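Residues -24 to -1, 1 to 290, numbered by mature numbering (1 follows the signal peptide of the UniProt record, and there is no 0), are exactly what the sequence shown covers, in order.
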Amino acid sequence: MSKAIFGALSAVLLVAAVIGVGDGSLSTTSKSVSTFCAKTDYQADCERTIGSAINGSSSPKEVIQASFQAAIDEIQAGFHLSNNVSLKANDPMNKAAFNICRQLLEDADEELNAAFSETHDLQGLARRTDDIKTWLSAVISYQQTCLDGITDPELQSTMKDGLSTAAKVTSNAIAIVDELSSLLKSFKVPINITMGSRRLLDDEQGFPSWLKFRNYLGRPWKAYSRTIVMESTIGDLIQPEGWMPWDGDNFLDTLYYAEYNNRGPGAGTSGRVNWPGYHVIGRAEAQKYTVDSLIQGSQWIKYSNIRYFGGLKF
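Written out as structure tokens, the structure is:
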């Protein structure tokens, strides 16, 4: 009971720290860092990185900014580390992987700075929580993709150790933003998202800029990459060739990419890549990758009361 009361009181204090009185504006009442870090997966890293930046306690806005800045600092350190470690790469594949890694870390830095730019207005940050969480999640994905491309065990281990804190503090930043947004919503602070308020959409028609880039169903990052796209609706944003190589001709004969009975303007296979490992499969082959055949779903999913298709839909 005492824990429940303490948790509720902490929530009230945290909301009191960010909600203004009278006009619904957001204020900067001081609040302990430990309250913000309580919901994170890596509390020790959270309190260490944020506490050292703001000396133990500060306003909610400064705590969030410190969490983002910690991630920015770690990503930039990872970028410099990749420059140094890449000098030890002796083969073309790993040299190319480090080039891609540096680009990914630059992209991660851009995403973090985009998120940081939203922290100057907490009410605006609350309205754009989903966008910010998407940016931060992308940062974690970029880090993992960087590591996946490095095949030399020693070099990969060095980079993994170097990016470990970056992943943790980015995860913490997501948790802090999520907790703040949840508390604001629970106390009925209006967080309305309209087409006009979504500043991410620069185009007057409301379409995000990433639709202008070339998109593919996938690319082989590993020697035995396996992907089956079946009975799906594929939009026209997918390029006619469908798939993109990872590093020249590497893995094109060991991968297994397949398509079956897809729909939509991007589903045509006549212009697809001509790789040894790419296939347009028939019904019998596609059946092997259904829920019932691949993971024996009929034997256990039914007990969870979740609706699912055991076989092919069409």
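The beta-carbon is built from N, C-alpha and C at its ideal position, and this holds for glycine as well.
The model shown is predicted, which means the values in this text are computed figures rather than measured ones.
query	result
Contact set for tyrosine 18: own chain, Cβ-Cβ below 6 angstroms, skip 5 residues either direction	Lys144, Asn148
Between the CA atoms of tryptophan 251 and glycine 287 - distance to the nearest angstrom	28 angstroms
Proximity of arginine 248 and glutamate 261 at Cβ, strictly below 9 angstroms	no
C-alpha gap between arginine 239 and isoleucine 277, whole angstroms	27 angstroms
Proline 241 and glycine 218 closer than 9 angstroms at C-beta	no
At least three beta-carbon pairs within less than 8 angstroms, the region 64 to 71 to the region 84 to 97	no
Glutamine 275 versus isoleucine 48 - alpha carbon distance	46 angstroms
contact_flag[the region 50 to 58, the region 76 to 88] where n(CB pairs < 8 angstroms) is 3 or more	yes
Among Glu38, Gln215, Val205, Asp223, nearest to glycine 258 - alpha-carbon criterion	Val205
Assigned secondary structure, isoleucine 116 (DSSP; H/G/I helix, E/B strand, else coil)	helix
According to DSSP, residues forming a beta bridge with residue 310	Absent from the structure is residue 310, since the part of the chain shown begins at -24 and ends at 290.
Proximity below 9 angstroms, CB of aspartate 229 to CB of glycine 194	no
Member of His56, Pro36, Tyr233 whose CA lies at the smallest distance from the CA of lysine 198	Tyr233
For tryptophan 222, three-class secondary structure by DSSP	coil
First and last residue of the uninterrupted alpha helix (DSSP H) at histidine 56	36 to 62
Simplified DSSP state of glycine 27, which is helix, strand or coil	helix
First and last residue of the uninterrupted beta strand (DSSP E) at valine 249	Counting along the chain, valine 249 falls outside any beta strand (DSSP E), and DSSP gives it neither H nor E.
Under the three-state DSSP convention, the category asparagine 75 falls into	helix
Bridge partners - valine 256, DSSP secondary structure assignment	Glu235
Rounded C-alpha distance that separates cysteine 22 from asparagine 191	36 angstroms
Straight-line gap, lysine 264 to glycine 244 (C-alpha atoms, nearest Å)	22 angstroms
Reference glutamine 215, options Ser246, Glu207, Gly224, Phe227, closest by Cα	Ser246
Per-residue burial, leucine 112 [other beta carbons within 10 Å of its own, 16 or more giving buried]	buried
Identified DSSP bridge partners for isoleucine 214	Asn191
Alpha carbon of asparagine 226 to alpha carbon of serine 201, nearest angstrom	11 angstroms
Straight-line gap, serine 10 to leucine 123 (C-alpha atoms, nearest Å)	32 angstroms
Neighbour-count burial assignment, threonine 209, 16 or more Cβ in a 10 Å radius	exposed
For serine 269, the nearest candidate out of Ile116, Phe285, Phe74, Asn89 (CA to CA)	Phe285
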